[in-house]
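In the numbering used here, the protein residues as written are 2 to 84. Single-structure report; data block below.
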């Protein structure tokens, strides 16, 4: 089985388990991930997410939102003037 076939056959449960392992730095049984294992697991999580998740659900997504105006949320706030 090559890498692409492995990603295509991965279940959502396997994805969640790998993602959790990358987040915590350890496997579900408590053993620590090696740097190589973490790298491979992270690549698999990203690849699976590209194929199965919407952009907002993917690892690393940053919501750029909408800028309403020149200043932040509350227009009633005024900046401090230090004298």
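No residue lacks a Cβ here, since even glycine has one placed at the ideal position from N, Cα and C. Just so you know, these numbers come straight off a predicted model, no measurement behind them.
Sequence-distant residues of its chain with Cβ nearer than 8 Å to residue i (five each side left out)
i          : result
residue 34 : 22, 23, 26, 27, 28 and 42
residue 61 : 47
residue 9  : 52
Paired residues, beta bridge with residue i - DSSP
i          : result
residue 33 : 27
Contact under 8 Å by Cβ, residue i with residue j
i          : j          : result
residue 51 : residue 59 : yes
residue 4  : residue 49 : no
Alpha helix (DSSP H) segment containing residue i, residue limits
i         : result
residue 9 : 4-10
7 Å CB neighbourhood of residue i in its chain, flanking five on each side removed
i          : result
residue 56 : 62
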